[in-house]
Amino acid sequence: MSSEANLLPLIIEPERLAEHLDEPSLLIIDVPLKAESYAEGHVPGAIFLDKARLMRGSGEVPCLEPTVAQLSALFSELGLTRDTHVVAYDDEGGGWAGRLLWTLELIGHTRYSYLNGGIHAWRQDGLPVETAPNAPTPSAYEAEILHPEVAIDRVELVERLGEKGFAIWDARSPEEYRGEKGDNRQLGHIPGAVNMEWTRAMDPERGLRIRDYAELVTELEALGLTPDMEVATHCQSHHRSGFTWLVGRALGFEKIRGYAGSWKEWGNRDDTPIEK
1 MSSEANLLPL
11 IIEPERLAEH
21 LDEPSLLIID
31 VPLKAESYAE
41 GHVPGAIFLD
51 KARLMRGSGE
61 VPCLEPTVAQ
71 LSALFSELGL
81 TRDTHVVAYD
91 DEGGGWAGRL
101 LWTLELIGHT
111 RYSYLNGGIH
121 AWRQDGLPVE
131 TAPNAPTPSA
141 YEAEILHPEV
151 AIDRVELVER
161 LGEKGFAIWD
171 ARSPEEYRGE
181 KGDNRQLGHI
191 PGAVNMEWTR
201 AMDPERGLRI
211 RDYAELVTEL
221 EALGLTPDME
231 VATHCQSHHR
241 SGFTWLVGRA
251 LGFEKIRGYA
261 GSWKEWGNRD
271 DTPIEK
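Heads up, the sequence shown is in UniProt numbering, so the first residue is 1 and it goes up one at a time.
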């Protein structure tokens with residue numbers, strides 16, 4: 001592992017990543033919302049990841065984190081090793097990239113960065129792209145859930161509702177939060193949850209980079225979310241909240257956790273409390 005790649009920050013700017021593209025320890029992963037984004041032009045050396053691989057894909061709650069067997073297969077295919085520094089990005093401002101980095105944190109692989117703004121910021125900065133696909137070099141990666149605390153499940157959430165120092169960040173749209181729209185048996189939000197839609201943390205003028213940190217911290221504090229708190233974040237499937245989890249980490253929320261079941265699970269049960 002070169003000392004250079006080891007020093008890459010959690011949130012890396014396009015021009016800084018451009019200086020490190022030749023680092024042998026870097027694994028750049030493009031996990032776009034629209035698969036054609038990769039073919040239209042990606043960061044040189046980036047490999048493609050189908051976003052569906054970041055979810056279990058079966059059972060009553062298909063958006064849960066993959067099984068250990070699925071994670072081992074996935075990260076072996078991608079060529080992950082203990083020395084790899086992953087740089088993730090997408091074509092939508094950080095949802096799927098954030099979900100990927102949350103998954104890496106879950107398995108204890110903490111050498112990772114987010115390309116700030118993803119492909120939008122990279123293109124806006126006029127940096128070179130390539131269109132030919134890159135094939136990963138497979139590894140034999142055995143995944144383990146080494147940081148289970150980065151996730152939170154429905155049972156713990158129910159137990160901790162209303163607890164002092166614990167908060168819920170709902171990253172869905174205000175309409176979903178208020179129970180005016182949604183594709184679930186029940187609409188509304190988890191009691192006590194606060195709503196800041198995920199896109200509000202992006203700067204559309206700057207290629208969807210994360211907005212000014214001081215402004216974001218001020219806005220979150222106004223909602224009752226402070227960095228010292230334990231915060232659970234969710235959306236419909238822990239895709240949009242992949243980004244809000246990442247933003248929380250960038251802002252110094254060290255105890256931010258992702259609820260993978262999200263509203264897909266909570267809103268389709270009869271025993272979960274709901275507010276509108």
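Heads up, the beta-carbon is just placed ideally off N, CA and C, and yes, glycines get one too.
According to the DSSP assignment, T218 belongs to the alpha helix (DSSP H) that extends over Y213 to L223. When the alpha-carbon of P148 is set against those of G182, L17 and A260, the nearest one is in A260.
For G248, the enclosing alpha helix (DSSP H) has its first and last residue at R240 to A250. In the three-state scheme derived from DSSP, where H, G and I count as helix and E and B as strand, S25 is classed as coil.
Assigned with DSSP and collapsed to three states, S262 falls in helix. For F166, the uninterrupted beta strand (DSSP E) segment begins and ends at F166 to D170. Here E175 has K181 as same chain residues with Cβ atoms under 6 Å from its own Cβ, once five neighbours each way along the sequence are excluded.
Counting along the chain, the unbroken alpha helix (DSSP H) around E159 starts and ends at R154 to R160. Collapsing the DSSP output to three states places E275 in a strand.
Excluding sequence positions up to five before and after L251, its CB lies within less than 8 Å of the CB of Y213, L216, V217, L220 and P227, all in the same chain and listed in chain order. Look at the beta carbons and you see the segment 36-49 not touching the segment 237-250: under three pairs across the two are nearer than 8 Å. Per DSSP, the continuous alpha helix (DSSP H) segment holding E36 begins and ends at E36 to E40. Assignment of L115 by DSSP, reduced to helix, strand and coil, places it in the strand class. Out of D91, T137, E92 and V86, the CA that lies nearest to the CA of W102 is found in V86.
A contact between stretches requires three or more CB pairs, one per stretch, nearer than 8 Å, and the segment 158-175 fails this requirement with the segment 52-72. Apart from the 5 residues on each side of it in sequence, P9 sits with its Cβ closer than 7 Å to the Cβ of S113 in its chain, given in chain order. Going by DSSP, Y177 is part of the alpha helix (DSSP H) stretching over P174 to Y177. In the DSSP secondary-structure assignment, A151 is bridged to G258.
In its chain, beyond the 5 residues on either side, I29 and V31 have a beta carbon closer than 6 Å to the beta carbon of L49.
If you compare the alpha carbons of K255, A88, H234 and I119 with that of G267, the shortest gap goes to H234.
Distances from the alpha-carbon of H238 to those of L33, R53 and S262 put S262 closest.
Cβ neighbours of P133 within its own chain (closer than 7 Å, five residues either side excluded): F48. DSSP lists no bridge partner for T199. At the C-beta level, R178 and T272 stay beyond 8 Å of one another. Around the C-beta of R82, fewer than 16 other C-beta atoms lie within 10 Å, and the residue is accordingly described as exposed. Where E15 is concerned, the enclosing alpha helix (DSSP H) starts and stops at P14 to A18.
Looking at the DSSP output, V194 sits in a beta bridge with W169.
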